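Trainee:
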Amino acid sequence: MVREEVFNVEDNPYSRVTPEHLPECLNSKTKQLELAKAMANVFSEQGAKATDATFCRHQGVDSKTVFVSMNEGSDIVIQFRLRSLDTTPFERARSCPGFDQYVPNIRLVAVITDPRDLAKKSWIYASNRIVGQTWTQVVQEQGVHILPKLCNSLGRVLAKGYIQDKSHEAVVRKVLPFLIPFLFTLEPEMKPYRSLAMEILRHQDKISELPLFMAHADLWAGNLIVDPDTHEVMGIVDWEDSFPLPFGIGLHRIQMVAGEDFNSNWQIPNNFEESERAFWAGIMEGSPDHRQNEFQEKAHIIDLAVKMGALTAGFVYQYDDKGHLTLKRDSETGSPLVNGTLPFLLSYEIPFRRGSEKGPYPEEFEWPFEGDEQRQYKWICELHEVGRPLSVKPSV
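If you read the sequence shown in full-length UniProt numbering, its first letter stands for residue 1, the second for the next number, and so on.
(1) Report yes if the CB atom of K328 is closer than 7 Å to the CB atom of L337, and no otherwise.
(2) If you count every other CB in all the chains shown that lies within 10 Å of the CB of I180, and 16 or more means buried, which is it?
(3) Are the CB atoms of G60 and T136 within a distance shorter than 7 Å?
(4) Quick one, are the C-beta atoms of R194 and L183 less than 7 Å apart?
(5) If V226 sits next to L150, beta carbons under 8 Å apart, how far is it from one beta carbon to the other, in whole angstroms?
(6) Return the bridge partner residues of residue 397 from the DSSP annotation.
(7) Please classify E332: does DSSP put it in a helix, a strand, or coil?
(8) If we ignore side chains and look at the alpha-carbon of each, how far apart do P351 and K307 end up?
(9) Rounded to the nearest angstrom, what separates V396 and P192 at their Cα positions?
(10) Do P211 and F178 have their C-beta atoms closer together than 7 Å?
(11) I'd like to check one pair, R253 with L224: are the Cβ atoms closer than 7 Å?
(12) In the DSSP assignment, what residue or residues form a beta bridge with L327?
(13) In terms of residue numbering, what span does the alpha helix (DSSP H) encompassing P351 cover?
(14) Spell out a yes or no on whether the segment 112-128 and the segment 153-166 are touching, meaning 3 or more CB-CB pairs, one atom from each, closer than 8 Å.
(15) Indicate, with yes or no, if the ligand MG has a heavy atom lying under 6 Å from the CB of G323.
(16) Which class does E294 belong to by DSSP, given the choice of helix, strand or coil?
(17) Determine the DSSP secondary structure at V226, reduced to helix, strand or coil.
(18) Taking the C-alpha atoms as reference points, what is the distance between D321 and M198?
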């Protein structure tokens, strides 16, 4: 059994799960471990009893996670959360044939309120534990040479997220409500991408013909559980805010997953192209023949869907009271919350589209912010940080 070190809340400066925010019965580590064992006993369907409890090595911002060992040999995950969790995305993902073994079976077991302070509340969730280590941890310990095998396995797993042959409803409910306001936004950081939004909008009918897949909203190395010996993906956690979407939306994240992620710094290793090609090959290997043919035939549309995912993830946005798309801003600096490497991410072309000769990125770009030297300088600096010092071709 993998033993996890006791988590020290000071190790995660972003954590909001601190004693002053929790009910009195949860305001110490000892209390949390004891209550976790009690909740695991409630969750166990086989009548197993808890024997030990340890804190997860990697903790979230809004939750505290405990692994509870049961006397029959299994582990149960208990989470103390500061807000309720929508478990519907987990249930949707688990309903995909063959996908259930990769998605935690999570459910609410209790809600606790401090009788002396009703504002202090904790939602307690339990799930089965997917045994393994995070992708981040395995790559850090073993090196980037294992990335192609990991990426291939991830592709084969995500291919199991198929729901149905068409995506009409998802386009109406999820794609159009973003694209149409995007065309009319007044935000200067968004304006250069309106032509891409228009191109996607022109192809909405073809995008709606893509198969519907369960798309993970936060596909990154910390949410991927892998076997450190076989380098196979064993599970994907944190499905909150995930929805069924046309195939390709959300898969732009392979650019980050196939890169190094050391201390939250994304860098592109030398075997990046081998890794991202292995991912898409895994998608094909995990799909039936007729779907493989469809992916090849609709490469351009899938590439647009991938760009659509990168576009929506490139901004932290909200809708004002008039329905206009606006950017959220940093509370300290007032700067808009924008991914500075978005032009680079949008230049990515999937292997189905580019063929075997071209690389994933062009060597020259057309810079979208014509005449804006400050934004151009910031973007080039960020590209250098991820190991991509590219030449930039100014817009004309």
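No residue lacks a Cβ here, since even glycine has one placed at the ideal position from N, Cα and C.
All figures in this text were calculated on a predicted structure; none of them were measured in a lab.
Mentor: Inspection of the coordinates gives the following:
(1) yes
(2) exposed
(3) no
(4) yes
(5) 6 Å
(6) Look at the range of the chain in this structure, 1 to 396, and you will see that residue 397 is not part of it.
(7) coil
(8) 14 Å
(9) The predicted model places V396 with a pLDDT of 28, which falls under 50 and marks its position as unreliable; any figure quoted below should be read in that light. Straight-line Cα distance between these residues: approximately 13 Å.
(10) no
(11) no
(12) Y317
(13) P351 to R354
(14) no
(15) The ligand content of the structure shown is nil, which means the ligand MG is not present either.
(16) helix
(17) strand
(18) 24 Å
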